[in-house]
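Numbering (the numbering used here), first residue to last: 2 to 41.
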């Protein structure tokens, strides 16, 4: 199974976030408190 995209609405720090994953390796980076762990 491959994820093509992810949409988070009103979930923790994410009011309305859409992430599109390209094929290959995807890295998630950002400052503390940005919601990186929430995506995982």
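Beta carbons: idealized from backbone N, C-alpha and C, even for Gly.
First and last residue of the alpha helix (DSSP H) that includes residue i?
i	result
residue 39	37-40
With DSSP collapsed to three states, give me the class of residue i.
i	result
residue 6	strand
residue 27	coil
residue 11	strand
In chain order, what residues of the same chain have a beta carbon less than 8 Å from the beta carbon of residue i, not counting five sequence neighbours either side?
i	result
residue 34	14
residue 11	17
Less than 8 Å separating the beta-carbons of residue i and residue j?
i	j	result
residue 9	residue 22	no
residue 37	residue 31	yes
residue 20	residue 7	yes
The beta strand (DSSP E) spanning residue i covers which residue range?
i	result
residue 19	15-21
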